[in-house]
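Take 914 as the starting number for the sequence shown in our numbering and just add one per residue.
This report concerns only the one structure given below.
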Amino acid sequence: MSGKADPRPAGEGTTSRTRLDRGRGALGPALELVHTGRAPTRAVLTAELGVTRATAGAVAAELEALGLIRVDARPGAAAGSQGRPSHRLSVAEDGPVTLAAQVHADGFRAALVGLGGRIVATAPGCEVIDADPAKVLGSVVAAGAGLLRETGRRCVGAGLAVPSAMAEPEGLALNPMHLAWPEGAPVREIFAEQVRAAGLDGPAFAGNDVNLAALAEHRHGAGRGARDLLCVATGHRGVGGALVLDGRLHTGSSGLALEVGHVAVNPGGRPCHCGSRGCLDVEADPLAFLTAAGREPGPEMSLLKQAGTLIREHDDDPAVRSAVATLVDRLGLGLAGLVNILNPDRIILGGLHGTLLDAAPDRLRAVVADRSLWGRSGGVPILACALDHNSLVGAAELAWQPVLDDPLVILA
Ligand SMILES: [Zn+2]
């Protein structure tokens, strides 16, 4: 940033326009700081950006003029970096939104998500997921377009979360095992077509649901501040993983990194659709839990809900307690292997894995510590994911990224 090197005192011999010209490169970083809650005041923003107070003021004013953030005109009592009262910054409550969509084994959900990861409106849809991705994505985009009409909000882009590895750069759903979609379906392109057909503005993106959950948790939830964040989660079916390094998703050379569901944790275990046996995917997901507890899965609610309800409401049942122990041991074994390879500074667990952690935190931490080099002495904090609908919020993050990179794109 040039602001810090400016030899002139702030406000002397400059107009707000030239200050802003110098601060233009700071617009994106400034928006990201407010978006992720790391700059609650203008004083913190100034310090975080390493610019003069005048430049930070001009940058904040420009972001406010773009309708993206709000600058509280009255300096708050909350102290700034030097204990001085400072203007409070927040994302604009009534600003633009992104359309976020998620498809899973039991249905779909559309939502409008503002800056700050705030879900403004949401519409769940439950249906048998059609074997034609265009039909499902057409339904979820139509639900999102309905929310936009109802709320009258401006849409700056769209993001989609799917329960499949996504091959990049083409955006192909490589193994939508728990959906009836054809392998290698060009999901991102189909989603983009549906978004255009609905007359919505902005670019369209798609990603793996656990990757997006990890991104959302890193920016707004249980992963905030972690440098090497490992996320392992089971949603409706199967197990996924993600790694966020220095704030960016690590997706590998072609988008397929962190397929942790196929780490073997029970060599003599049940066959997995990948061709191996005893993978986390089939040994530590909601169906595996229900089976271990001797329960027949019912059709009335999702497997995730059935398993979660059993753990929370029937912990006095010996069969449930034993199933919790079995799944915690399998999950811990898988996590220990990942800790040895990846050396994360934090692990977050989503879906049923978060519920298992809540049910038996000491047992899970002990298994990981006993079986991993870097996890020994309880070195790696293990937390449950904190956000509702984190895959949706992560899908929204994809759609927000161009605005975070250059807030002026919203003028286009
Ligand atoms: Zn497998």
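Even for Gly, the Cβ is constructed at its ideal location relative to N, Cα and C.
The structure presented is a predicted model; accordingly, all values stated were derived computationally and were not measured.
The beta strand (DSSP E) that contains residue i, what's its start and end?
i	result
residue 1003	1002 to 1004
residue 1165	No beta strand (DSSP E) contains residue 1165, which DSSP labels as neither H nor E.
residue 1042	Premise fails: residue 1042 is in no beta strand (DSSP E) and is neither H nor E.
residue 1012	1010 to 1017
residue 1295	1295 to 1297
residue 1025	1020 to 1026
residue 1259	1259 to 1264
residue 1154	1153 to 1158
Just the Cα atoms here: how many angstroms apart are residue i and residue j?
i	j	result
residue 1245	residue 1277	6 Å
residue 1281	residue 1129	25 Å
residue 1296	residue 1261	5 Å
residue 920	residue 987	Caution is warranted here: a pLDDT of 38 is assigned to residue 920, below 50, making its placement in the model unreliable, and no coordinate value can be reported.
residue 1133	residue 982	17 Å
residue 969	residue 1306	28 Å
residue 962	residue 939	7 Å
residue 1220	residue 1212	13 Å
residue 955	residue 1068	27 Å
residue 1207	residue 1016	29 Å
residue 992	residue 998	Only weak support exists for where residue 992 lies, its pLDDT of 47 falling under 50; the coordinates are left without a value.
residue 1247	residue 1197	10 Å
residue 1105	residue 1099	10 Å
residue 1226	residue 1140	36 Å
Where does the unbroken alpha helix (DSSP H) through residue i begin, and where does it stop?
i	result
residue 1329	Outside the displayed range of the chain (914 to 1325) lies residue 1329, so it cannot be described from this structure.
residue 1145	Element bounds for residue 1145: not the alpha helix (DSSP H) but the beta strand (DSSP E), 1141 to 1147.
residue 1075	Premise fails: residue 1075 lies in the beta strand (DSSP E), 1068 to 1075, not in any alpha helix (DSSP H).
residue 1233	1231 to 1255
Distance cutoff 8 Å, beta carbons only. Does residue i sit that close to anything in chain D?
i	result
residue 1272	Reference to chain D is not applicable here, since this structure consists of a single protein chain.
Measure from the alpha carbon of residue i to the alpha carbon of each residue in the options, then state which is nearest.
i	options	result
residue 1174	1267, 1251, 1321 and 1067	1251
residue 1243	1209, 1319 and 1201	1201
residue 980	1113, 1204, 1141 and 1005	1005
residue 1072	1188, 1324 and 1313	1313
residue 1028	1323, 1309, 1194 and 1126	1309
residue 1097	1080, 1144 and 1003	1080
residue 1265	1153, 1108, 1143 and 1084	1153
residue 1253	1001, 1060 and 1292	1292
residue 1286	1257, 1311 and 1324	1257
residue 1001	964, 1037, 1203 and 950	950
residue 1218	1249, 1148 and 1188	1148
(request) Assess, as a yes-or-no matter, whether the stretch 1116 to 1124 is touched by the stretch 1228 to 1242 under the definition of 3 or more beta carbon pairs within less than 8 Å. (result) In the pairwise beta carbon analysis, the stretch 1228 to 1242 is classified as not touching the stretch 1116 to 1124: fewer than three pairs are separated by under 8 Å.
(request) Output the residues surrounding ligand 1, defined as those with a CB atom closer than 6 Å to any ligand heavy atom, in chain order. (result) That query returns the following residues: 1175, 1185, 1187, 1189, 1192 and 1194.
(request) Check whether the stretch 1086 to 1098 touches the stretch 1026 to 1035, counting contact only when three or more Cβ pairs, one atom from each stretch, lie closer than 8 Å. (result) Contact between the stretch 1086 to 1098 and the stretch 1026 to 1035 is absent, because fewer than three Cβ pairs lie under 8 Å.
(message) Pairs of beta-carbons, one from the stretch 1156 to 1173 and one from the stretch 1126 to 1141, closer than 8 Å: are there three or more?
(response) Because the criterion of three Cβ pairs below 8 Å is met, the stretch 1156 to 1173 and the stretch 1126 to 1141 touch.
(request) Specify whether the stretch 1051 to 1061 and the stretch 1018 to 1025 touch according to this definition: at least 3 beta carbon pairs, one from each stretch, less than 8 Å apart. (result) The stretch 1018 to 1025 and the stretch 1051 to 1061 touch, with three or more beta-carbon pairs separated by less than 8 Å.
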